[in-house]
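The listed protein sequences correspond, in order, to chains A and B.
Using the numbering used here, read the first sequence as starting at 117 and increasing by one per residue.
Using the numbering used here, read the second sequence as starting at 535 and increasing by one per residue.
The beta carbon of each residue, even a glycine, is placed where N, CA and C say it ideally should be.
Presented below is the structure to which this report refers.
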Amino acid sequence: SAVISQKPSRDICQRGTSLTIQCQVDSQVTMMFWYRQQPGQSLTLIATANQGSEATYESGFVIDKFPISRPNLTFSTLTVSNMSPEDSSIYLCSAGERATNEKLFFGSGTQLSVL
Amino acid sequence: DAKTTQPNSMESNEEEPVHLPCNHSTISGTDYIHWYRQLPSQGPEYVIHGLTSNVNNRMASLAIAEDRKSSTLILHRATLRDAAVYYCILLPNFGNEKLTFGTGTRLTIIP
């Protein structure tokens, strides 16, 4: 199994600023993903964090708004840039080996409120 | 991508079995059926997955229809801690390995 730690667990930010969320896994993993969960909604995949290369973004998400780093097999960051109140959500990190035949693990999320 | 259909909500009495249905009529032969659940204020957690045969683990059982167009997650004896949103997700064996969450079923356990 893998334990995922996310920092911060919550934050309140001013519009126009940026916040970087950290995701640390206690073991090396092949796959890491970032999700967003808006209030009362299901999870939406933002991007796949690729080790040593640019992240792969889903439709509707762009690198300028959500830059992602993955410098090694245990760590990734997601930055929410130039925030607006519409960015208020829970952001979750997920990691694992293979999604198909094995389980993925999730952090407990970062609750972001933008004023 | 093949889609799944789940009821929006279900209720069950504590200490009774719960059967959570999922329809996936457009499933392909190489799609695995995964179940995850999200407890309140937590990230999702893996429950179980299968391909063709029924599967059991310490958390639940997964019953897969012979034609694979539907499946049922079975909680054998529901507890209050099982109150969560349950997601049924199809994952292809090759290529795209991203978990795509639908709306899921919100399970309420009645004491």
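6 Å Cβ shell around residue i - same chain, five flanking residues per side excluded
| i | result |
| --- | --- |
| A/Thr136 | Thr193 and Thr195 |
| A/Ser210 | Phe149, Leu220 and Phe222 |
| B/Ser559 | Lys603 |
| A/Asp203 | Val196 and Val230 |
| B/Leu506 | The question about residue 506 of chain B has no answer, for chain B in this structure spans 535 to 645. |
| A/Ala165 | Met148, Ala171, Ile184, Arg186 and Ser192 |
| A/Thr160 | Arg152 |
| B/Asn547 | Ile644 |
Separation of residue j from residue i, as counted between CA atoms
| i | j | result |
| --- | --- | --- |
| B/Cys622 | A/Glu174 | 20 Å |
| A/Ile162 | B/Leu609 | 31 Å |
| B/Glu600 | B/Ser587 | 9 Å |
| B/Ile615 | B/Asn557 | Inspection of the sequence shows that residue 615 of chain B is occupied by Arg rather than by Ile. Approximately 25 Å between the Cα atoms of the pair. |
| A/Thr172 | A/Pro183 | 11 Å |
| B/Ile582 | B/Ile567 | 8 Å |
| B/His553 | B/Thr606 | 6 Å |
| A/Gly225 | A/Gln122 | 6 Å |
| A/Gly132 | A/Tyr207 | 18 Å |
| A/Gln130 | A/Leu228 | 11 Å |
| A/Pro124 | A/Gln140 | 11 Å |
| B/Asn627 | A/Ile179 | 28 Å |
| B/Arg620 | B/Trp569 | Residue identity differs from the one stated: residue 620 of chain B is Tyr in this sequence, not Arg. Cα to Cα, B/Tyr620 sits roughly 7 Å from B/Trp569. |
| B/Leu573 | B/Ala594 | 15 Å |
| A/Pro201 | A/Gly156 | 16 Å |
| B/Val589 | A/Glu218 | 14 Å |
| B/Leu625 | A/Ile128 | 35 Å |
Contacting residues, own chain, Cβ-Cβ under 8 Å from residue i (five flanking each side not counted)
| i | result |
| --- | --- |
| B/Pro551 | Ile608, Leu609, His610, Arg611 and Ala612 |
| A/Glu213 | Val145, Thr146 and Met147 |
| B/Asn542 | Thr637, Thr639 and Arg640 |
| A/Ser169 | none |
Residues of its chain near residue i, where Cβ-Cβ distance is below 7 Å and the 5 sequence neighbours each way are ignored
| i | result |
| --- | --- |
| A/Phe177 | Ile162 and Ala163 |
| A/Gln167 | Arg186, Asn188 and Leu189 |
| B/Glu545 | Thr642 and Ile644 |
| A/Ser134 | Thr195, Val196, Ser197, Asn198 and Met199 |
| A/Gln154 | Ser205 |
C-beta contact flag for residue i and residue j at 8 Å
| i | j | result |
| --- | --- | --- |
| B/Gly636 | B/Thr538 | yes |
| A/Ala118 | A/Ser158 | no |
| B/Ala618 | B/Leu596 | no |
| B/Gly638 | B/Gln576 | no |
| B/Arg592 | B/Glu579 | no |
| B/Gly584 | B/Ile598 | yes |
beta-carbon residue i near the ligand GTP non-hydrogen atom, thresh 7 Å
| i | result |
| --- | --- |
| A/Val119 | Only the bare structure without any ligand can be found here, which leaves the ligand GTP out of the picture. |
* What are the start and end residues of each continuous beta strand (DSSP E) run of 3 or more residues lying completely inside the stretch 148-188 of chain A, in chain order? -> Qualifying beta strand (DSSP E) stretches, in chain order: 159-165 and 184-188.
* Asked: Name the residues in the stretch 161-195 of chain A whose C-beta lies less than 7 Å from a C-beta of chain B; which are they?
  -> Within the stretch 161-195 of chain A, the residues whose Cβ lies closer than 7 Å to some Cβ of chain B are Leu161 and Thr164, listed in chain order.
* Of all the residues that make up the stretch 130-161 of chain A, which are near chain B by a beta-carbon distance shorter than 9 Å? -> Taking 9 Å as the Cβ-Cβ cut-off against chain B, the residues of the stretch 130-161 of chain A that qualify are Met147, Phe149, Tyr151, Gln153, Gln157, Ser158, Leu159, Thr160 and Leu161.
* Asked: At which residue ranges does the stretch 556-583 of chain B contain complete alpha helix (DSSP H) runs of 4 or more residues, listed in the order of the chain?
  -> You should have found no qualifying run.
* With 8 Å as the limit, tell me which residues of the stretch 576-595 of chain B have their beta carbon closer than that to any beta carbon of chain A; keep them in chain order. => Under the 8 Å Cβ criterion, the stretch 576-595 of chain B contributes Gln576, Gly577, Pro578, Glu579, Tyr580 and His583.
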